[in-house]
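Right, one structure below, let's go through it.
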Amino acid sequence: MSQKEFQRVKVIENAAGGRLSVREAARLLQRSERQVQRWKRRYQPDSAAWVQHGNRGRPKPWALDPALRQRVLELARGKYAGFNDSHLHNKLVEQEELNLSRETLRRILRRAKLASPQKASSPQISRPPSPPSAPRHDAASRC
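According to the numbering used here, the sequence shown is numbered sequentially starting from -12.
Structural data, given as structure tokens:
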């Protein structure tokens, strides 16, 4: 239980016991009176489960399946090693029939410390400085 939740329990205990008004509890918790009334209704003296959000501990509904994530990493390290992100995405969609966005693929690969291979840059050619050129005389500069 966090410090914030602990404070909420103490304030709602006092409000439920009549030692604190709903308005004062709302001010202390920096919440609306309506929210404090909801918490008072849910309050159970023998348990602090009412404080926690109902979705705590559940996986996000949009979270990627860990098995799919593992399969993508195996393919990226094995069969499709050396492919850049876009090419790998195309192969996963066409060949492996894995339907995930290119950005999701990129996120999976970066978390696993797999960078997209970059084309080697051409060596820089060093040239000696060119001699200064003769001054130019334009027709417009004569006026």
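Using N, Cα and C, we set each Cβ at its ideal position, and we do this for glycine too.
Nearest-angstrom beta carbon gap, residue j and residue i [assumed within contact, 8 Å]
i	j	result
L92	H76	5 Å
V9	E20	5 Å
P122	G69	Contact flag wrong, Cβ pair sits at about 54 Å.
L7	V(-2)	7 Å
Cβ neighbour criterion (16 or more within 10 Å) applied to residue i
i	result
A36	exposed
I112	exposed
E12	One detail in the question is off: residue 12 reads as Ala in this sequence, not Glu. So A12 counts as buried.
A2	buried
Extent of the continuous alpha helix (DSSP H) run through residue i
i	result
Q22	E20 to R29
P53	P53 to R64
D33	Looking at the DSSP string, D33 is not in any alpha helix (DSSP H), and its letter there is neither H nor E.
H76	D72 to E81
I(-1)	Q(-10) to A3
A13	V9 to L16
I144	Outside the modelled stretch of the chain, which goes from -12 to 130, sits residue 144, for which no answer is possible.
Contact test: residue i Cβ vs the ligand MN heavy atom, cutoff 7 Å
i	result
P122	With respect to the ligand MN, the structure shown offers nothing to examine, as it has no ligands at all.
Given 8 Å as the limit, is there contact between the region -8 to 2 and the region 36 to 47, that is, 3 or more CB pairs closer than that?
yes
So, does the region 67 to 82 touch the region 40 to 49, judging by three or more C-beta pairs under 8 Å?
no
So, do the region 45 to 63 and the region 85 to 99 have three or more beta carbon pairs nearer to each other than 8 Å?
yes
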